[in-house]
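Here's the structure, in structure tokens; my notes come after.
There are 4 protein chains.
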Amino acid sequence: METELNIIEEPDLEDPVLIEGLPGIGNVGRIAAEYMIKHLDTKKFAELYSSHFMPIVLIDDDEVSLLKFEFYYWNNDDGKDLIFLIGDSQAGKEGSSGHFDVAEKVLDLAEKFNVSRIITLGGYSTGDIGEEMEEGPEVLGAVTHSEMIDEFKDSGINFEDTDSNIGMIVGGTGLLLGMAKKRGMEGLCLMGETAGFPILTDPKSAEGVVEIVSDILDIGIPLEDMEEKVEEMEDFLNKLEGLQKKSMKQMEGGDDEEEKLRYIG
Amino acid sequence: METELNIIEEPDLEDPVLIEGLPGIGNVGRIAAEYMIKHLDTKKFAELYSSHFMPIVLIDDDEVSLLKFEFYYWNNDDGKDLIFLIGDSQAGKEGSSGHFDVAEKVLDLAEKFNVSRIITLGGYSTGDIGEEMEEGPEVLGAVTHSEMIDEFKDSGINFEDTDSNIGMIVGGTGLLLGMAKKRGMEGLCLMGETAGFPILTDPKSAEGVVEIVSDILDIGIPLEDMEEKVEEMEDFLNKLEGLQKKSMKQMEGGDDEEEKLRYIG
Amino acid sequence: METELNIIEEPDLEDPVLIEGLPGIGNVGRIAAEYMIKHLDTKKFAELYSSHFMPIVLIDDDEVSLLKFEFYYWNNDDGKDLIFLIGDSQAGKEGSSGHFDVAEKVLDLAEKFNVSRIITLGGYSTGDIGEEMEEGPEVLGAVTHSEMIDEFKDSGINFEDTDSNIGMIVGGTGLLLGMAKKRGMEGLCLMGETAGFPILTDPKSAEGVVEIVSDILDIGIPLEDMEEKVEEMEDFLNKLEGLQKKSMKQMEGGDDEEEKLRYIG
Amino acid sequence: METELNIIEEPDLEDPVLIEGLPGIGNVGRIAAEYMIKHLDTKKFAELYSSHFMPIVLIDDDEVSLLKFEFYYWNNDDGKDLIFLIGDSQAGKEGSSGHFDVAEKVLDLAEKFNVSRIITLGGYSTGDIGEEMEEGPEVLGAVTHSEMIDEFKDSGINFEDTDSNIGMIVGGTGLLLGMAKKRGMEGLCLMGETAGFPILTDPKSAEGVVEIVSDILDIGIPLEDMEEKVEEMEDFLNKLEGLQKKSMKQMEGGDDEEEKLRYIG
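Protein chains in written order, with my numbering: chain A, -13 to 251; chain B, -13 to 251; chain C, -13 to 251; chain D, -13 to 251.
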């Protein structure tokens, strides 16, 4: 198949913003996007399948399913309409061209619905386990066009440290912006700081990201029930963590033979 | 070539069920499927070759042959006709898109013969060496559509533990179901529990799987000569185990240089 | 490019036999084929380039060149004409589909010149360092069609141990036969036994292989100057060994960072 | 996308020479080419993007950008016009066919502007840390056609040691020459010797390379401000070094899980 975009319904959207959240560090992007999907009155309208995803099916709610990306829309009466993209997995292994192919198809959908701005959500691990973050985790930002930074100057997004400390973004979260820029779209990346071992789901960091998205889009998403909502997602998040660990093992060349053998059908 | 389907004969089949058994954990799926092929009056009617298989030829019965999948059919006078698929190998390395390409071609054949239900057979390793399994190994199940579970409620298949304990199926056994579902077919995966080191062929686990297939399809396959039949397959199964070990080494990045060098022509 | 066949001259060949020798275990196949090319009055008539080869250029005779396969022909007044194929490298990394693509192109050339039989030459490592081989190294054989074995029953080729002890052939030497068989051609694989660490060039093993080829094709190639001819090839063979070591490192995932860094341009 | 060449402006160039400098050992090629671009009155006229590059965006000058190659031209009133190519990265992982695809596109541009000679710049690590190089680092050379060596006999380029000591060139620096030769172009590779750990940027070695290029093309580039110019590039060079380390890790199969996890978006 390579990469396949299945549009289930053609919603009527005005100048929408696309918000992406894939699994990754602390699952920050995925949780933040899924929380907004659950909170707002969104509706699923498209799916993306790809042979660049891992050759794995998830078993959930007693059914097997291919790994996929899902697109939801929200008609915002008071402002810009929104498209949310969440995924079960990053595209393929690091270093493969799969990442590019999948991002192209996402941008094809974005162009079809006249998206001119993309916000990608992810996590950034400081690598410090147990570090004190008294003022809560920071949210680092990066943009496709430097003149955008001015627009967000009162949002609390930290742009300064992104350039000097991070220097590069790996995987879908960054690539989608880089490729959007090449197509003439604007993009903003928000990365919630997460302390400690980065594969552990970090709802606190996601909260910081949602707060900023809610603020800059002026959509008033309350954060009280974040913890509860994340608990509801927990069973599925555990599966994603399992997937990510498998994926890590593959990248590393793998050293846990027993573990691997237990999975191969 | 990529993936090539060679249909040798076009059998007349009515609403057939496709039963798949590839090498994998404990070789449970391959043994179970091959045992049924040998027991029933089946006939080979198609082969599948793919450049996604490992660049290896097997030497068997004094002849070299490419790795391949083989399709057999059985005209069942008292019920649904059957197509069996057995293979020498899983498709390519984990993580490659080869798995998807090969599964697509298998489903092309399935559609051509109006298959509406697929049963994939595999093993599941508990990872417990020498574990006591007093009541014999369990058979875990997974389905493409949750409403199918009801149909199998008296079959002895354990669906409960699949969702919570397994969570995902890796490789052809799972992928074939996920992709069949996307084409509107129904699928059932049966995984025989196998204790101990998973690469060792486990006929006992395969017996449990055959028993359930025989029961749900009502085809009355006796199990007395299972052990004898598996002994006949032994020389070939050893070669498959060799292949699987090589394949594992590749996935791991490999650490046994000597071993590897001995094979490269 | 993928894989590109450049035919320099179209020789007039009658029912030729194709003899292949690629680098591999003990470089047995490559040395044996190159020795025959140098001894007989052969002429180069085609080259094959592929993006499945490693992204490396060799520096030889003060010039850089891409890795390539070379085809030579020999008009045999007393029997079947011959085509020789030697290569600088096996195709790509193990596990990739590159091996298949390159073999297809070789067979395209074979079909164009009406080749109906292919002889592939390689080595087989016993893994025993310093093992005594009093009667000289054996030559193991494998065929595409079991009825061919009878034809070679007095040739001294050992077919018995191939099936039981080897069981599979990895890389071009085997794959070319498996794919030739699928196109309706006959094939014979000759593997010279080589003791010790397999990456070391083993002219003694190659001698045994040349002796058998000379005998079954009745082309009377003397072996006296084998050692001398191999010495002439030595500088180039050292480069091939360097290539093979690099290739091994890649397959292994690599552990010698220093070594690797020294090569990257 | 695969590989995409975006020509921004079509300069009028007479029989230009293409000079390439990619990141690599000691970043010698990249620094040397970038220094000449900064010193001469060059203008950017084309970019190349490829899905064979790593799925990473760089954050520089407060903006995210895909990895890319950049082409600059210089109209030389007193001699041949020049095209400079610098890149953020080598193409893809070693062993992939990405290297070939990217090189083909570079040569497509070269042919379009009637380039008949290519000079590729790189480094060569002696592997000796702290080695004394009293007469400054040597510059080793390799050519596509041995008769070119005579032309450079008074240039101070060392051709003798290239054949015997190096024997092969890995990656874009070599491949571009090998493929140019196949298209009928001439090529020269200049490799600045660099002592010590090769991933560390080595401006001294680059100086030796620039001196020779300036000399053989007679373009009179002074070397006094080399150190200062390299300091200006430092922030970006640090990012390239980060990229190269990541790339190394991938080639090695990776062993620093923490490090890797910190990057995945």
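C-beta atoms are modelled at their ideal positions from N, C-alpha and C, and glycine is treated no differently.
Remember, predicted model here, so these are calculated numbers, not experimental data.
Distance CB(residue i)-CB(residue j) smaller than 8 Å
| i | j | result |
| --- | --- | --- |
| G160/A | I42/D | yes |
| N13/D | L223/D | yes |
| H131/D | E49/C | yes |
| V195/C | L107/C | yes |
| A77/A | S36/A | yes |
| E96/D | L4/D | The residue asked about is misnamed: residue 96/D is Ala in this sequence, not Glu. Yes. Within cutoff. |
| M165/D | A89/D | yes |
| T(-11)/A | H38/A | yes |
| K225/D | K24/D | no |
| D1/B | N100/B | yes |
Residue i versus residue j: straight-line alpha-carbon distance, rounded
| i | j | result |
| --- | --- | --- |
| T180/D | G157/A | 33 Å |
| L53/D | D74/D | 6 Å |
| R169/B | K91/B | 13 Å |
| G178/A | G109/A | 5 Å |
| S191/C | E20/C | 14 Å |
| V199/B | Q230/A | 34 Å |
| L126/A | L71/A | 20 Å |
| N(-8)/A | A32/A | 6 Å |
| A18/A | L163/B | 31 Å |
| D204/D | I45/C | 27 Å |
| M22/B | L176/B | 15 Å |
| I104/C | G84/B | 29 Å |
| W60/B | I207/B | 13 Å |
| E213/B | E197/B | 14 Å |
Residues bridged to residue i [DSSP beta-bridge criterion]
| i | result |
| --- | --- |
| I(-7)/D | A32/D |
| E56/A | E33/A and I72/A |
| A128/C | C175/C |
| M154/D | L44/C |
| R103/A | V3/A and E172/A |
| T88/B | This sequence places Val at residue 88/B; Thr is not what is there. For V88/B, which the question treats as bridged, DSSP gives no partner whatsoever. |
| N144/B | L126/B |
| T180/B | S111/B |
| S51/B | L44/B |
Cβ neighbour criterion (16 or more within 10 Å) applied to residue i
| i | result |
| --- | --- |
| D94/A | exposed |
| L186/D | exposed |
| E217/C | exposed |
| S150/C | exposed |
| D87/B | buried |
| K167/A | buried |
Proximity test, residue i beta-carbon vs the ligand MN heavy atom, cut-off 7 Å
| i | result |
| --- | --- |
| G170/D | Of ligands this structure carries none, so the ligand MN is not represented either. |
Residue-chain proximity (residue i, chain A), Cβ-Cβ < 8 Å
| i | result |
| --- | --- |
| P41/D | yes |
| K231/D | no |
| M219/D | no |
| K225/D | yes |
| H25/B | no |
Cβ of residue i within 8 Å of any chain B Cβ
| i | result |
| --- | --- |
| V50/A | yes |
| S83/A | no |
| F55/C | no |
| D149/C | yes |
| G158/A | no |
| G178/C | no |
| G170/C | no |
| G10/A | no |
| E90/C | yes |
CB contact check: residue i to chain D, cutoff 8 Å
| i | result |
| --- | --- |
| S75/A | no |
| I45/C | yes |
| H38/C | yes |
Contact with chain C by residue i, beta-carbon distance below 8 Å
| i | result |
| --- | --- |
| F145/D | yes |
| M(-13)/B | yes |
Short CB-CB distance (under 8 Å) between residue i and chain E
| i | result |
| --- | --- |
| T28/D | Looking at the structure shown, chain E is missing, and the protein chains on hand are A, B, C and D. |
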